[in-house]
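According to our numbering, the sequence shown holds residues 17 to 227 in order.
Since the structure comes first, as structure tokens, the remarks are kept for the end.
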Amino acid sequence: MAGIEFYTNPMSRSQIIRWMLEEVGEPYEEHILTYGPEMKSDAYLAINPMGKVPAIRHDGKVVTECAAICAYLAEAFPEKGLAPKPEERADYYRWMFFAAGPVEQAITANSMGWVPEGPQKEGTVGFGSYERTVNAFETAFDGKDFAAGDRFTAADVYVGSQIIWGLQFGTLPKKPGFEAYAARLTDRPAYLKAKARDGELIAAMQAAEAN
Numbered sequence: 017m018a019g020i021e022f023y024t025n026p027m028s029r030s031q032i033i034r035w036m037l038e039e040v041g042e043p044y045e046e047h048i049l050t051y052g053p054e055m056k057s058d059a060y061l062a063i064n065p066m067g068k069v070p071a072i073r074h075d076g077k078v079v080t081e082c083a084a085i086c087a088y089l090a091e092a093f094p095e096k097g098l099a100p101k102p103e104e105r106a107d108y109y110r111w112m113f114f115a116a117g118p119v120e121q122a123i124t125a126n127s128m129g130w131v132p133e134g135p136q137k138e139g140t141v142g143f144g145s146y147e148r149t150v151n152a153f154e155t156a157f158d159g160k161d162f163a164a165g166d167r168f169t170a171a172d173v174y175v176g177s178q179i180i181w182g183l184q185f186g187t188l189p190k191k192p193g194f195e196a197y198a199a200r201l202t203d204r205p206a207y208l209k210a211k212a213r214d215g216e217l218i219a220a221m222q223a224a225e226a227n
């Protein structure tokens, strides 16, 4: 059995972790879960009480939440060079968790039509406003090619996924900084390998449903 177990559904944020696993390059065992009873089963709830994917199990320990899994895998396999160097840590943690916090909240609120009205309500929510969050997010790439500096790290898997999906589905505007950054990521061999595997799984699921 592989040292990493990966609990996933290809039509989910699990695609982020598939990409991260391919960047790490270690063998892993995938467990494909369907939405509904299987994902809410007692067996899986014992792994993730939220009853959602993705999750990984490594050396007997479970890690959930995409940003946490990316950070964990980078540290678990330091020889892969995906964890931050000392001088990269500030931007690495800042932008990974900015993407996981304010950006995720702002995109969700905007998609749902939830708009904080006035300074007081903006101060109550963690992201302030969608526009302010988006503008702040674009500054992540001022003067550098990647989230933590001039090289690719695990932060780019999470931050990059947010931006690639945001541009694809229209939840983020097509700002020049976002588009240039996404273009630097989507031709990476690990990204392409992950997309191909999830594409195969999605096609198989859709074919099964059609029959």
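A virtual CB, placed ideally from N, CA and C, is assigned to each residue, including glycine.
None of these values were measured; they are calculated from a predicted model.
Query: Pair within 7 Å by beta-carbon distance, Y88 and A164; Result: no
Query: Cutoff 7 Å; reference Y207; Cβ partners in own chain excluding five residues on either side; Result: W35 and L201
Query: Exposure of E225, with buried meaning 16 or more beta-carbon neighbours within 10 Å; Result: exposed
Query: Length-filtered (3 minimum) beta strand (DSSP E) runs lying within the stretch 29-64; Result: 44-48
Query: Proximity below 7 Å, CB of Y198 to CB of I179; Result: The question names Tyr, but residue 198 in the sequence shown is Ala. Yes.
Query: Per DSSP, the bridge partner or partners of R73; Result: E21 and V78
Query: Beta-carbon proximity check, T24 vs V78, cutoff 7 Å; Result: no
Query: Bridge-paired residues (DSSP) for G165; Result: F162
Query: Sub-7 Å separation of W111 and A83 beta-carbons; Result: no
Query: Cβ neighbours of S30 in the same chain (closer than 6 Å, five flanking residues each side left out); Result: T24, V69 and P70
Query: Delimiting residues of the alpha helix (DSSP H) encompassing E195; Result: P192 to L201
Query: Residue burial classification, F185 (beta-carbon count within 10 angstroms, cutoff 16); Result: exposed
Query: Beta carbon of P26 nearer than 7 Å to that of D214; Result: yes
Query: Neighbourhood of K190 by C-beta distance below 7 Å, restricted to the same chain and skipping five residues each side; Result: L183
Query: Residue nearest to I33 in terms of C-alpha spacing, selected from Q121, C86 and G129; Result: C86
Query: Exposure label - G41; buried when at least 16 CB within 10 Å; Result: exposed
Query: Three-way DSSP call (helix, strand, coil) for A99 in this model; Result: coil
Query: A116 versus F143: straight-line alpha-carbon distance, rounded; Result: 11 Å
Query: 6 Å CB neighbourhood of L217 in its chain, flanking five on each side removed; Result: P26
Query: Burial state of V131, where buried means 16 or more other Cβ atoms lie within 10 Å; Result: exposed
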